[in-house]
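Take a look at the structure below.
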Amino acid sequence: MAAAGSCYVIVGAGIFGVSTAYHLIRRYPEASVTLVDRDAFDADNRVAASWDWNKVMRADYDDPVYCELALEAQDVFTSDPLWKPFFHQTGLYWMCGRDYARGCVSNFERLGRHGDISVWPVEEARKLFGGLFDESDYTNVEQVLVNRASGWVAAGDCLQAVTRRVLGLGVKYVAEEVANLQFDPSGRCAGIETAQGRRLPASHVVLCTGASTPKLLEISAAASGLTNLQAGSRILAGGITTGMTRLDDDSYAKFADMPVGIQGYTTLKGNSACVPSQFLRVPPFMGSLPPTKDRELKWWGQKIFRNTKEVLPGRFISMPPAEADYAQWKISERLKEDIVNVSSVFYGNQAAKWKFEKHRICWDAFTTSSDFIISPHTASKGLYVATCGSFHGYKFFPVIGRYVVDMLEDTLPARLASKWAWDRERPDPSANPDWPSCEMKDLLDPVRDSRL
Ligand SMILES: Cc1cc2nc3c(=O)[nH]c(=O)nc-3n(C[C@H](O)[C@H](O)[C@H](O)COP(=O)(O)OP(=O)(O)OC[C@H]3O[C@@H](n4cnc5c(N)ncnc54)[C@H](O)[C@@H]3O)c2cc1C
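Using full-length UniProt numbering, you'd call the opening residue of the sequence shown number 1 and step up by one each time.
Quick look at the structure:
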């Protein structure tokens with residue numbers, strides 16, 4: 001049970017951590033709340049998935065829970081002066097399968113929010129938005145979902161502004177890496193210890209550590225002997241490449257008012273008459289974001305990968321590269337090629353003349369169902385987990401912390417508590433098109449090891 005006199009340490013200042021701090025300090029202004037992150041919140045270079053040029057804000061989900069939650073977040077983005085400056089309501093153009101479109105529309109209808117959403121046959125959709133998507137590759141696309149209320153958020157700027165606000169409300173910020181969790185003799189989590197040796201005691205430790213969560217839990221399990229702390233198959237760190245091109249004046253004139261473009265959740269690839277169903281795979285979803293204030297158009301790639309390494313002798317998990325910046329700016333030619341391919345999926349020949357000079361690998365925590373984990377950790381009292389954005393978590397920034405605080409207070413509605421539980425039945429990942437399915441080492445440039 002949370003209380004005004006409690007002492008909260010939130011590890012990780014991405015959207016899960018900052019949103020939790022925001023809602024916690026507003027509910028309990030007298031509570032002690034500390035955010036601990038390896039990076040300063042205003043650093044020029046951060047590893048957080050939440051720290052990005054832009055992210056898609058859409059309520060277009062066939063899952064009713066995320067549709068409703070995203071609408072709640074969208075309402076804050078369109079009305080609250082803290083969040084509003086960062087939201088660009090450009091609309092969204094989603095090339096998808098009939099089932100996905102139907103699922104989204106029925107959610108909006110159920111909630112009485114269908115005014116902005118429409119579904120188009122491909123041939124008619126091609127003419128929308130000045131024919132911007134006329135040259136797209138519509139293989140396996142059955143329909144196009146258009147939502148005029150969706151758009152994108154200037155992600156890093158928004159994260160920094162809201163962090164400043166929570167600091168103004170009394171939350172403390174420690175820019176140090178958490179090396180270990182601390183436990184009392186009964187096995188209760190009692191705080192954290194940083195790599196610099198600083199110890200912060202806490203009544204509640206909340207892990208909002210994104211892709212690094214499995215690593216921190218492995219290390220803490222080994223140090224404490226509480227082996228059940230390990231994430232096991234619950235969480236997988238996965239990486240995706242993003243790439244940007246700066247538009248010249250002519251292209252900018254054409255693309256300045258474009259909507260977010262998405263292609264994904266189309267029909268099954270392959271000929272179902274010839275290929276056994278277990279080998280058919282829906283491709284992951286790809287995206288094209290409208291130009292930023294620096295006139296840069298951004299895509300994320302189709303290759304979603306893991307990075308399996310030995311974290312401790314005999315223990316192999318996927319985790320971001322060991323470099324302090326997760327080696328996020330070191331991009332292989334094969335991953336750059338992924339962005340070129342995606343840009344031509346959206347814009348055909350128009351993309352051929354663009355140069356891609358800016359790339360980043362972004363790491364997030366995935367679950368097989370793409371559900372978040374917002375839950376007490378069952379191996380230790382006082383320890384909580386709130387992360388696993390699974391490649392779609394940013395948009396919930398304004399509201400997700402409220403649900404984390406409800407979880408801390410044990411008042412989360414039952415259907416959410418079970419959906420986001422640490423221990424729950426999880427589907428097989430093969431059914432998830434966005435599951436990190438290849439190893440990063442297989443996507444690196446070949447190393448020449450012979451001098452002959
Ligand atoms: C390429 C890409 C594109 C995406 N696009 C979208 C999109 O368009 N729309 C959308 O809604 N979502 C999108 N997402 C998903 C979204 O970005 C994430 O789900 C969300 O940002 C995750 O937030 P988080 O707080 O869990 O993790 P993060 O933002 O990664 O934050 C984790 C923080 O924990 C800190 N940390 C980790 N370990 C330690 C430690 N031991 N000690 C101290 N600090 C630590 C890190 O420094 C980091 O700041 C995308 C993700 C990727 C990768």
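Idealized CB from N, CA, C, for every residue including glycine. Note that this is a predicted model, so its numbers are computed, not measured.
Less than 6 Å separating the Cβ of residue i from some heavy atom of ligand 1?
i: Tyr394; result: yes
i: residue 469; result: Nothing in the structure corresponds to residue 469, since the chain is present only between 1 and 452.
i: Trp422; result: no
i: Arg164; result: no
i: Trp300; result: yes
i: Lys336; result: no
i: Lys55; result: yes
i: Gly389; result: yes
i: Thr209; result: yes
i: Ser32; result: no
i: Arg306; result: no
i: Ala48; result: yes
i: Asp371; result: no
i: Leu236; result: no
i: Gly14; result: yes
i: Asp37; result: yes
i: Cys362; result: yes
i: Val178; result: yes
i: residue 462; result: Residue 462 is absent from the structure shown; the chain starts at 1 and stops at 452.
i: Thr242; result: yes
i: Leu216; result: yes
i: Ser224; result: no
i: Ser212; result: yes
Is it the case that the CB of residue i approaches a heavy atom of ligand 3 more closely than 6 Å?
i: Thr292; result: Ligands in the displayed structure: ligand 1; ligand 3 is not one of them.
With a 10 Å radius around its C-beta and 16 neighbouring C-beta atoms as the bar for buried, classify residue i as buried or exposed.
i: Glu218; result: buried
i: Val275; result: Caution is warranted here: a pLDDT of 43 is assigned to Val275, below 50, making its placement in the model unreliable, and no coordinate value can be reported.
i: Lys298; result: buried
i: Ser233; result: exposed
i: Tyr252; result: exposed
i: Phe397; result: buried
i: Gly12; result: buried
i: Thr227; result: exposed
i: Arg198; result: exposed
i: Gln160; result: buried
i: Lys441; result: exposed
i: Val146; result: buried
i: Lys355; result: exposed
i: Leu412; result: buried
i: Leu443; result: buried
i: Cys362; result: buried
i: Arg58; result: buried
i: Val447; result: exposed
i: Gly287; result: buried
i: Ser79; result: exposed
What are the boundary residues of the beta strand (DSSP E) that includes residue i?
i: Thr241; result: Leu236 to Arg246
i: Lys303; result: Glu296 to Arg306
i: Lys55; result: Lys55 to Met57
i: Thr90; result: Thr90 -> no beta strand (DSSP E), and no H or E assigned at all.
i: Thr266; result: Counting along the chain, Thr266 falls outside any beta strand (DSSP E), and DSSP gives it neither H nor E.
i: Pro376; result: Ile373 to Pro376
i: Gly318; result: Looking at the sequence shown, residue 318 is not Gly but Ser. From DSSP, the beta strand (DSSP E) with Ser318 extends over Arg315 to Ser318.
i: Gly287; result: Met286 to Leu289
Using 8 Å for Cβ pairs, my map puts residue i next to residue j. What's the rounded Cβ distance?
i: Thr241; j: Gly301; result: 4 Å
i: Pro290; j: Val260; result: 6 Å
i: Phe41; j: Tyr173; result: 6 Å
i: Ser364; j: Gly210; result: Residue identity differs from the one stated: residue 364 is Asp in this sequence, not Ser. With a Cβ gap of about 6 Å, Asp364 and Gly210 count as contacting.
i: Asp50; j: Ile15; result: As written in the sequence, residue 50 is Ser, which differs from the Asp given in the question. Confirmed, about 4 Å.
i: Phe305; j: Cys388; result: Not quite, the Cβ-Cβ distance comes to about 17 Å (not below 8 Å), so this is no contact.
i: Leu21; j: Val166; result: Note that residue 21 is Ala in the sequence shown, not Leu. Contact flag correct, Cβ pair sits at about 5 Å.
i: Lys336; j: Glu296; result: Rounded, the Cβ-Cβ distance is 16 Å, inconsistent with contact.
If you follow the alpha helix (DSSP H) that residue i is part of, which residue opens it and which one closes it?
i: Phe77; result: Pro64 to Ser79
i: Glu123; result: Val122 to Ala125
i: Thr213; result: Thr213 to Ser224
i: Tyr100; result: Arg98 to Arg110
i: Ala21; result: Ile15 to Arg27
i: Ile339; result: Glu333 to Tyr347
i: Ala386; result: Run containing Ala386: none in the alpha helix (DSSP H); it sits in the beta strand (DSSP E), Leu383 to Thr387.
i: Asp250; result: Asp249 to Phe255
i: Cys158; result: Ala155 to Gly168
Could you say if the region 373 to 389 and the region 62 to 79 meet the contact criterion of at least three C-beta pairs nearer than 8 Å?
no
Between the region 204 to 218 and the region 313 to 331, do at least 3 Cβ pairs fall closer than 8 Å?
yes
Is it true that the region 3 to 22 meets the region 194 to 207, where meeting means three or more beta-carbon pairs spaced less than 8 Å apart?
yes
Count the C-beta pairs between the region 145 to 154 and the region 52 to 59 that are closer than 8 Å, then say yes if the count reaches three, no if not.
yes
Is there contact between the region 77 to 95 and the region 184 to 199, where contact requires at least three CB pairs shorter than 8 Å?
no
When you compare the region 92 to 105 with the region 415 to 422, are there three or more beta-carbon pairs, one atom per stretch, that lie closer than 8 Å?
no
Would you call the region 368 to 378 in contact with the region 340 to 348, where contact means no fewer than 3 C-beta pairs closer than 8 Å?
no
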